[in-house]
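Number of protein chains: 2
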Amino acid sequence: MKKVVVVGGGVAAKGFASAALALHDNIEVTIIKNEKRSPVPCGIPYAFGTLKDANDNISSDQGLIDNGLKLVINDVTEIDRENKTVTLKDDSKVNYDKLVISTGSLPVLPPFKGINLEGIHVIKKDLDDVVELRKKVEAAKSIVIVGGGFIGVELADEIKKLGNKNITLVELAPHVLNVAFESDISEEIEANLTKKDIRIATGIAVESFKGNEKVEKVVLNNGEELDADIVFLSIGAYPNTKLADACGLKVERAGVIVDDFQKTSDESIFAIGDCASKQDLFSDDYSRVRLASIAAKEGRNAAYNLFENKRVLAPVGICNLFSTYIDGKYYAATGMTKAQCEAAGFEVIQIEQSAHDRHPITLPNTRKIDGKFFFDKESMLLLGAQLSGPQLVAEVINSVGIAVQNKATAYDIYAYNYASHPMGTASPNKYIMHQAGLKALKVIK
Amino acid sequence: MKKVVVVGGGVAAKGFASAALALHDNIEVTIIKNEKRSPVPCGIPYAFGTLKDANDNISSDQGLIDNGLKLVINDVTEIDRENKTVTLKDDSKVNYDKLVISTGSLPVLPPFKGINLEGIHVIKKDLDDVVELRKKVEAAKSIVIVGGGFIGVELADEIKKLGNKNITLVELAPHVLNVAFESDISEEIEANLTKKDIRIATGIAVESFKGNEKVEKVVLNNGEELDADIVFLSIGAYPNTKLADACGLKVERAGVIVDDFQKTSDESIFAIGDCASKQDLFSDDYSRVRLASIAAKEGRNAAYNLFENKRVLAPVGICNLFSTYIDGKYYAATGMTKAQCEAAGFEVIQIEQSAHDRHPITLPNTRKIDGKFFFDKESMLLLGAQLSGPQLVAEVINSVGIAVQNKATAYDIYAYNYASHPMGTASPNKYIMHQAGLKALKVIK
Numbered sequence: 270m271k272k273v274v275v276v277g278g279g280v281a282a283k284g285f286a287s288a289a290l291a292l293h294d295n296i297e298v299t300i301i302k303n304e305k306r307s308p309v310p311c312g313i314p315y316a317f318g319t320l321k322d323a324n325d326n327i328s329s330d331q332g333l334i335d336n337g338l339k340l341v342i343n344d345v346t347e348i349d350r351e352n353k354t355v356t357l358k359d360d361s362k363v364n365y366d367k368l369v370i371s372t373g374s375l376p377v378l379p380p381f382k383g384i385n386l387e388g389i390h391v392i393k394k395d396l397d398d399v400v401e402l403r404k405k406v407e408a409a410k411s412i413v414i415v416g417g418g419f420i421g422v423e424l425a426d427e428i429k430k431l432g433n434k435n436i437t438l439v440e441l442a443p444h445v446l447n448v449a450f451e452s453d454i455s456e457e458i459e460a461n462l463t464k465k466d467i468r469i470a471t472g473i474a475v476e477s478f479k480g481n482e483k484v485e486k487v488v489l490n491n492g493e494e495l496d497a498d499i500v501f502l503s504i505g506a507y508p509n510t511k512l513a514d515a516c517g518l519k520v521e522r523a524g525v526i527v528d529d530f531q532k533t534s535d536e537s538i539f540a541i542g543d544c545a546s547k548q549d550l551f552s553d554d555y556s557r558v559r560l561a562s563i564a565a566k567e568g569r570n571a572a573y574n575l576f577e578n579k580r581v582l583a584p585v586g587i588c589n590l591f592s593t594y595i596d597g598k599y600y601a602a603t604g605m606t607k608a609q610c611e612a613a614g615f616e617v618i619q620i621e622q623s624a625h626d627r628h629p630i631t632l633p634n635t636r637k638i639d640g641k642f643f644f645d646k647e648s649m650l651l652l653g654a655q656l657s658g659p660q661l662v663a664e665v666i667n668s669v670g671i672a673v674q675n676k677a678t679a680y681d682i683y684a685y686n687y688a689s690h691p692m693g694t695a696s697p698n699k700y701i702m703h704q705a706g707l708k709a710l711k712v713i714k
Numbered sequence: 270m271k272k273v274v275v276v277g278g279g280v281a282a283k284g285f286a287s288a289a290l291a292l293h294d295n296i297e298v299t300i301i302k303n304e305k306r307s308p309v310p311c312g313i314p315y316a317f318g319t320l321k322d323a324n325d326n327i328s329s330d331q332g333l334i335d336n337g338l339k340l341v342i343n344d345v346t347e348i349d350r351e352n353k354t355v356t357l358k359d360d361s362k363v364n365y366d367k368l369v370i371s372t373g374s375l376p377v378l379p380p381f382k383g384i385n386l387e388g389i390h391v392i393k394k395d396l397d398d399v400v401e402l403r404k405k406v407e408a409a410k411s412i413v414i415v416g417g418g419f420i421g422v423e424l425a426d427e428i429k430k431l432g433n434k435n436i437t438l439v440e441l442a443p444h445v446l447n448v449a450f451e452s453d454i455s456e457e458i459e460a461n462l463t464k465k466d467i468r469i470a471t472g473i474a475v476e477s478f479k480g481n482e483k484v485e486k487v488v489l490n491n492g493e494e495l496d497a498d499i500v501f502l503s504i505g506a507y508p509n510t511k512l513a514d515a516c517g518l519k520v521e522r523a524g525v526i527v528d529d530f531q532k533t534s535d536e537s538i539f540a541i542g543d544c545a546s547k548q549d550l551f552s553d554d555y556s557r558v559r560l561a562s563i564a565a566k567e568g569r570n571a572a573y574n575l576f577e578n579k580r581v582l583a584p585v586g587i588c589n590l591f592s593t594y595i596d597g598k599y600y601a602a603t604g605m606t607k608a609q610c611e612a613a614g615f616e617v618i619q620i621e622q623s624a625h626d627r628h629p630i631t632l633p634n635t636r637k638i639d640g641k642f643f644f645d646k647e648s649m650l651l652l653g654a655q656l657s658g659p660q661l662v663a664e665v666i667n668s669v670g671i672a673v674q675n676k677a678t679a680y681d682i683y684a685y686n687y688a689s690h691p692m693g694t695a696s697p698n699k700y701i702m703h704q705a706g707l708k709a710l711k712v713i714k
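Keeping their order, the protein sequence lines are chains A and B. Its first residue numbered 270, the first sequence is counted upward by one per residue in my numbering. Its first residue numbered 270, the second sequence is counted upward by one per residue in my numbering.
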């Protein structure tokens, strides 16, 4: 019986455990995590609005336990590589044949004056914490969210569903979500949130927090002071590499350094998820993107290659599949934004393409999907795409993403077969992907 | 100015014309077709129910005309390859530099006694015909549909929406839609239609039609006689190769024989859509599958390679992307059924995998997608998939289809990045494609 110990219980850990238990006989998989109840991490914003009860945002471990997982609620304080053990808080030790480090990421805490005042929160991946926080949000009148990334924007949109509250979203960059979307998409999102009476303060920095024990004001760099009963800090996260570092594994700013099999500098230790280094599909450079979907993929990779380097599961690099849901509309992206393409040295062809989800469009409930596609002018490689519209968008982005991961060009997406049905898609001559390919080919004709 | 003449005005013709006008300067594209108004072909069943007015099922030519298309409503009676002209019904001639044959397919007319009685109809791709037919259907009490393929099943489901009519669907095979789906899926569809009081008579052949000028009875091979005011024949179609044959182009039962550029045995003549030969992605054999989405793809291919063999647009073969909508539920398939895989010599791993479209599944309006996936046991090549559920299915099948067209294996679909969002997809550890891959890898572990 091989003993496999996983430190951390998030998405990567659970994806790993699920696959490892399926793929290997005679193993014992133990997850050691410090939260009694884990939330669905990406579901946390929805625990503040759409879900009636924040407790419903649970990521249950029961299915894994039923499949044989051993679950230990405790803190790992040390990894002893020589003796292949981990030490728990109570100094007890657990030995392993293979260790999987899945310690996630930690929220960035800016060095603002007053940061330690009561009422200033980061999002912790702990369901009990989320439940407590929702109660506080329900009681609050004025809420300031610092950081206009996915969590910040989704939180603002969701909290508004709890009733009439003063919500301000402060973002340093000129636009929210600029890591994934072009400015005009961000502007649409900002306008929709503004219409719902959420204040979007972009291009503005927070300077400090004021209050007496409890936060009362958020001071901005334009001199303004915002009332705040609660402040959320969602300005990013960095790999939690503390344990890995302490035991001498190779660690950089990019995370615990792993190879194509998720293996660290120690043959017996893997790292997966937010704590692990990851490389960009196009540049092969380290990527700073951290997503649950990437964590899950890395868990599957480690599980497959757990006892030997069986197979490089291609592609190794990540292609940044973002999805979100704001004000009732879906937005999704893959690959690079135009600015990212250009920073990587590509000469970009940008294509705008829309398509309906039924045909003829006289059919009831026909809706529209809008898209942007980016190609490299020389190779015609598909570099990225951004879509918005109904829920279908959350799946169309996977078609584009699979094409991107297969290094598809404009020629390929123009040539592929696509499914077509009156009640389900655009007409066979108007599907969004091949029409985007056509427009790109037209540019270079 | 190069003159490009297209014979036929269906999906392939319009896809070709749209792309050719975009990709080439100094061309004149003329479509010659004999229907004044073209319907959306796959939309025809929905013109008998969901659409309030059958006229709304129009595939307008106006967009193409605005882009420079010349449209001629006439019949082409002859192709003169030597003089590069086509002759119209009135003996006038139109010359061409490049000719595109897009004459579609013709419905199979079985040699049943009484087949010429009034009231027995095939589906013609002519909107005026559809509008007339809808009036007759509205007035009819008893309707018999012969043939349980996509058109037959969709027609039965749609006509039922027009009110209380006796509808019987007769299918020779043991199950409807058996070209695309496993028996249990077909059985679900049959049960749902039966619940709506549509009679499904499978494993039964039609012997003859009875009536006095007008059809009154459909005689089955079990001796039963069904009342019928209207009969629809939807038992298949064959390539309309008459013009191509008459002018000496290479023609087989598979259609007008074309190369990888859609070019016929004459350098100046292309064939696209239902009339053209097509090859299966897996076997490279001729395929009998005829779909609008394939026609559209072939139109794009011919348009790109119109004046020189510029580029083989990969993949050449077709991967059978079927989608339908029956009793409010979507069904889609790609690649081969299990029986088709086995007939092609593969040893099949069959995987059943479901996934929800939101996570946690406590979110409101969470729905389920069910799937079947087929892999070759030796190479682990993904050979086919069948999905059912909400409209998302019509897009998820494209993700699977793009994977199939990239010759993805179980390893690949296990390894890909997939987008994930609480309001849009399954949890990152439960997405349908990688979980199907996992189960397949588990089988061969």
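Built from N, CA and C at the ideal position, the CB exists for glycine as well.
- Non-local C-beta neighbours of A/Tyr680 in its own chain, meaning closer than 8 angstroms and more than five positions away in sequence, comprise Met649, Gly706, Leu710, ordered along the chain.
- Note on A/Ala561: 16 or more other CB atoms within 10 angstroms of its CB, so buried under the neighbour-count rule.
- Leaving aside the five residues that flank B/Glu427 on each side, the residues in its chain whose CB is nearer than 7 angstroms to its CB run, in chain order, Pro314, Tyr315, Phe317, Gly318, Thr319.
- Contact annotation: in the stretch 661-682 of chain B, residues whose CB is within less than 7 angstroms of a CB in chain A are Leu661, Ala663, Glu664, Val665, Ile666, Asn667, Ser668, Gly670, Ile671, Ala672, Gln674, Asn675, Tyr680, Asp681.
- Nearest Cα to A/Ala624 within the set A/Asn675, A/Ser657, A/Phe576, A/Ser556: A/Ser657.
- For A/Pro691, at least one C-beta of chain B is nearer than 8 angstroms to its own C-beta.
- In this structure, B/Asn589 lies near B/Val558, with their beta-carbon atoms less than 8 angstroms apart.
- In the three-state scheme derived from DSSP, where H, G and I count as helix and E and B as strand, B/Gly332 is classed as helix.
- Beyond the five residues adjoining it in sequence on each side, B/Ala612 comes within less than 7 angstroms, by CB distance, of no other residue in the same chain.
- Within the same chain, Lys272, Lys353, Thr354 come within 7 angstroms of B/Asn364 by CB-CB distance, once the 5 residues on both sides are set aside.
- B/Leu651 is bridged by DSSP to B/Phe644.
- Listed in chain order, the non-local C-beta contacts of B/Leu661 below 7 angstroms within the same chain comprise Asp626, Ile638, local neighbours out to five positions each way being set aside.
- At a Cβ-Cβ threshold of 8 angstroms, B/Tyr687 and A/Asn667 count as neighbours.
- B/Thr631 belongs to the set of residues whose beta carbon lies under 8 angstroms from a beta carbon in chain A.
- Beta bridge pairing from DSSP links B/Asp543 with no other residue.
- For A/Gln622, there is no enclosing alpha helix (DSSP H); the enclosing beta strand (DSSP E) has its first and last residue at 617-625.
- Of all residues in the stretch 363-381 of chain A, none comes within less than 8 angstroms of chain B when Cβ atoms are compared.
- Beyond the five residues adjoining it in sequence on each side, A/Pro659 comes within less than 6 angstroms, by CB distance, of Arg636 in the same chain, given in chain order.
- Taken in chain order, the whole beta strand (DSSP E) runs of length 3 or more contained in the stretch 385-471 of chain B are 389-391, 411-415, 435-440, 467-471.
- Interface annotation, B/Lys283: in contact with chain A, CB-CB separation under 8 angstroms.
- It is roughly 9 angstroms from the alpha-carbon of B/Glu476 to the alpha-carbon of B/Gly492.
- Within the same chain, Cβ atoms closer than 6 angstroms to the Cβ of A/Asn295 are found at Met270, the five residues on either side in sequence being excluded.
- Per DSSP, A/Phe285 lies in no beta strand (DSSP E); the unbroken alpha helix (DSSP H) holding it starts and ends at 280-292.
- Where B/Asp349 is concerned, the enclosing beta strand (DSSP E) starts and stops at 345-349.
- For the pair of segments examined, the stretch 447-462 of chain A was found not to touch the stretch 341-349 of chain A: the number of CB pairs separated by less than 8 angstroms stays below three.
- Taking a contact as a CB-CB distance under 8 angstroms, the pair B/Ala654 and B/Thr606 does not count as one, their CB atoms being some 10 angstroms apart.
- One thing to note: B/Gly418 has its Cβ no nearer than 8 angstroms to the Cβ of B/Ser556.
- Look at B/His625: its C-beta is not under 8 angstroms from any C-beta on chain A.
- Residue pairing by DSSP places B/Asn481 opposite B/Lys483 in a beta bridge.
- Runs of the beta strand (DSSP E) lying entirely within the stretch 490-528 of chain B and spanning at least 3 residues, in chain order: 494-496, 499-502, 506-508.
- Taking 8 angstroms as the cut-off, the beta carbon of A/Ile473 is found no closer than this to the beta carbon of A/Lys429.
- Close partners of B/Val309 in chain A (Cβ separation under 9 angstroms): His628, Pro629, Pro691, Ser696.
- Apart from sequence neighbours up to five positions away, the residues of its chain that approach A/Asp496 with a beta-carbon distance below 6 angstroms are Ser411, ordered along the chain.
- Classified as exposed, B/Glu647 has fewer than 16 neighbouring CB atoms from the shown chains inside 10 Å of its CB.
- Here A/Ile587 really is in contact with A/Leu550; their C-beta atoms are around 6 angstroms apart, less than 8 angstroms.
- Under DSSP, A/Thr603 shares a beta bridge with A/Ala654.
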